[in-house]
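Okay, structure first, notes after.
Protein chains: 2
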Amino acid sequence: MNRWKLTVEYDGSDFVGWQRQDNGPSVQQSLEEAVERLAGETVRVHGAGRTDAGVHALGQVAHFDVEKDLSERAVRDGLNHHMRPARITVLKAEAVSQDFHARVSARERGYIYRIVNRRTPLALDRGRAWQTGRLLDAEVMNEAAGVLIGRHDFTTFRASMCQANSPVKTLDVLTVVRTGDEIRITARARSFLHHQIRNITGTLVQVGEGRWSVEQVRQALEARDRSKGGPTAPPDGLYFTDVVY
Amino acid sequence: MNRWKLTVEYDGSDFVGWQRQDNGPSVQQSLEEAVERLAGETVRVHGAGRTDAGVHALGQVAHFDVEKDLSERAVRDGLNHHMRPARITVLKAEAVSQDFHARVSARERGYIYRIVNRRTPLALDRGRAWQTGRLLDAEVMNEAAGVLIGRHDFTTFRASMCQANSPVKTLDVLTVVRTGDEIRITARARSFLHHQIRNITGTLVQVGEGRWSVEQVRQALEARDRSKGGPTAPPDGLYFTDVVY
Chain A
52 MNRWKLTVEY DGSDFVGWQR QDNGPSVQQS LEEAVERLAG ETVRVHGAGR
102 TDAGVHALGQ VAHFDVEKDL SERAVRDGLN HHMRPARITV LKAEAVSQDF
152 HARVSARERG YIYRIVNRRT PLALDRGRAW QTGRLLDAEV MNEAAGVLIG
202 RHDFTTFRAS MCQANSPVKT LDVLTVVRTG DEIRITARAR SFLHHQIRNI
252 TGTLVQVGEG RWSVEQVRQA LEARDRSKGG PTAPPDGLYF TDVVY
Chain B
52 MNRWKLTVEY DGSDFVGWQR QDNGPSVQQS LEEAVERLAG ETVRVHGAGR
102 TDAGVHALGQ VAHFDVEKDL SERAVRDGLN HHMRPARITV LKAEAVSQDF
152 HARVSARERG YIYRIVNRRT PLALDRGRAW QTGRLLDAEV MNEAAGVLIG
202 RHDFTTFRAS MCQANSPVKT LDVLTVVRTG DEIRITARAR SFLHHQIRNI
252 TGTLVQVGEG RWSVEQVRQA LEARDRSKGG PTAPPDGLYF TDVVY
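Sequence lines, in order, name chains A and B. Heads up, the first sequence is in the working numbering, so the first residue is 52 and it goes up one at a time. Heads up, the second sequence is in the working numbering, so the first residue is 52 and it goes up one at a time.
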């Protein structure tokens, strides 16, 4: 049996999310069908992270097993060929040992969230960023982000349908940087709760607009109560960038 | 009569180009129809540059005249409202004097061309960049670009249907810079010939792939013969960035 590790880019706008669902095309299903066409075997493709509908990936990682012997290039180019015209690309295919598991072996996951801070709608970046009109103070957003770094009970920023066993997570990196009219939030952790980054982003935007103070973010975190957190930011601006193993 | 200057962003993928044509929606038509809905007047919208089908704009400039008195904000937000859901956005609307003409008054136009140099198809940047698989040497491309800077007869890089009176143009800036797997060509001039940047880009890619030498680019320029130039790059990677008046 051959185990393959894939690094995958996709435009989340076209999918119901990573995971197979009855209500539309998923990234997982597209990959599984492409493997079946390439190798003639029915497989399960495991992803490092379950991105929601509309969330993009620059470097999602996945793995699957097939009997058939294939070269790295044949896997990469063959899957890309069979997935056309879906907006999913296998950037890299690597033969790995049976120890490797895309989800379980992951030591760190990276995401960015793109906000375009301007009054007018997005023509080129529609679906690729969150457009917010009120002027955002990225420095105070970054200060508020600092409150959330480290090991905390993130219940305040956790979706009600989150299936994680524990709401305690360790956020290794959370920074907010402005370049021109774009504000980019970078988040890194071993793992995240469902909607954690989108809920944090929605809260940080409240801070950036001057509605919330940094101290209120601290109180919200300590409340361990989703109703004390800010709104959920739209999926459009979120990108799963990479996984460290 | 009130003259309005507009700064406009659009995704060229959805349009037959800037100019009104019978075979599909154009940016000009979308703007003219939006002005008619906003002001109740039939107008002609003049653009600084006629972008081709598939070519994008970050800062196309246009102007039009209306009798109706409107605020800058009403023009900007009103046009954006009436153009929905087309991927065109008026970034700025400014009241200008009758001396101003978007095309005639322009002193310098800026474009960028985005190449993504990788083996795999583009998922997120599909239609937004030219993907070329062979490894490109951006430094030698930049050296070849240097040959084209200045005042020259650009017949070699001019589309056969080009309507300009003269093939002589002055290219003020032409640089090629690589950042990761992206190669960005920047071009600035008072005006350009039809397909000039796409034909230059196609030629520079020949150089980057090692098929052409810098000297061959010089000879091609001096030949003043379109058949001596490289192929036309696709429109996908071209962005009209700005106009200086």
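Note that beta-carbon positions come from the ideal geometry of N, C-alpha and C, so glycine has one too.
Per DSSP, Arg179 of chain A has no beta-bridge partner at all.
If you draw a straight line from the Cα of Gly75 of chain A to the Cα of Met134 of chain A, it is about 16 angstroms long. Scanning chain A for C-beta atoms nearer than 9 angstroms to the C-beta of Arg127 of chain B yields Arg170, Thr171, reported in chain order. By the Cβ rule, the segment 96 to 110 of chain A does not count as touching the segment 120 to 132 of chain A, because fewer than three pairs are nearer than 8 angstroms. DSSP places Thr102 of chain A outside both helix and strand once states are collapsed to three, so it counts as coil. Annotation: Gly100 of chain A to Val67 of chain A spans about 14 angstroms, alpha carbon to alpha carbon. For the pair Glu159 of chain B and Lys56 of chain B, the CB atoms are not nearer than the 9 angstroms cut-off. In this structure, Leu225 of chain B and Leu187 of chain B do not form a Cβ contact; the two beta carbons are roughly 16 angstroms apart against a cut-off of 8 angstroms. If you check the CB distance, Ala215 of chain A and His245 of chain A come in under 9 angstroms.
Within a 10 Å sphere around the beta-carbon of Pro286 of chain A sit 16 or more other beta-carbons, which makes this residue buried. In the DSSP assignment, the residues bridged to Glu145 of chain B are B:Lys56.
The segment 273 to 285 of chain B and the segment 90 to 98 of chain B do not touch, with fewer than three beta-carbon pairs separated by less than 8 angstroms.
Within the segment 171 to 224 of chain B, the complete alpha helix (DSSP H) segments of 4 residues or longer fall at 189 to 199, listed in chain order. Per the coordinates, the alpha-carbon of Thr171 of chain A lies some 43 angstroms from the alpha-carbon of Phe115 of chain A.
What Glu60 of chain A touches in chain B, judged by beta-carbon distance under 7 angstroms, is Ala174, Leu175, going in chain order.
Between Thr140 of chain A and chain B, the shortest Cβ-Cβ separation is below 9 angstroms. A check of alpha carbon separations from Asp65 of chain A across A:Arg177, A:Thr206, A:Met192, A:Lys119 identifies A:Arg177 as the nearest. In the displayed model, His133 of chain B falls within a helix according to three-state DSSP.
Legend: CB atoms of the segment 99 to 115 of chain A lying less than 9 angstroms from CB atoms of chain B belong to residues His107, Ala108, Leu109.
Arg179 of chain B has a beta carbon lying within less than 9 angstroms of a beta carbon in chain A.
Tyr61 of chain B is positioned such that its CB atom lies closer than 9 angstroms to that of Val78 of chain B. Annotated as distal: Ala174 of chain B and Val265 of chain B, with beta-carbon spacing of 9 angstroms or more.
When the five nearest sequence neighbours on each side are left out, the beta carbons in the same chain lying within less than 7 angstroms of the beta carbon of Arg277 of chain A are those of Thr206, Thr207, Arg209, Ser211, in order along the chain.
Taking C-alpha positions only, Val258 of chain A is separated from Gly201 of chain B by approximately 50 angstroms. Every alpha helix (DSSP H) stretch that sits fully inside the segment 243 to 278 of chain A and reaches 4 residues is listed by chain position as 247 to 259, 265 to 274. Under DSSP, Thr226 of chain B takes part in a beta bridge, and its partners are B:Thr237.
When the Cα atoms are used, Arg71 of chain B and Ser81 of chain B turn out to be separated by approximately 9 angstroms. Ranked by Cα distance from Gly281 of chain A, the options A:Arg269, A:Gln270, A:Leu255, A:Glu260 are led by A:Leu255. At a cut-off of 9 angstroms between beta carbons, Arg135 of chain B contacts chain A.
In terms of CA proximity to Leu121 of chain A, A:Met52 leads the group A:Thr237, A:Ile251, A:Met52. Classified as buried, Thr140 of chain B has 16 or more neighbouring CB atoms from the shown chains inside 10 Å of its CB.
Rounded to the nearest whole angstrom, the CA to CA distance from Arg54 of chain B to Val228 of chain A is 38 angstroms.
For Glu83 of chain A, the uninterrupted alpha helix (DSSP H) run begins and ends at 78 to 90, by DSSP.
For Phe291 of chain A, the enclosing beta strand (DSSP E) covers residues 289 to 295.
Contact annotation, Arg169 of chain B with Asp232 of chain B: C-beta distance approximately 5 angstroms; criterion of less than 8 angstroms satisfied. Using a 10 angstroms sphere on the CB of Thr221 of chain B, the tally of other CB atoms stays under 16, which defines it as exposed.
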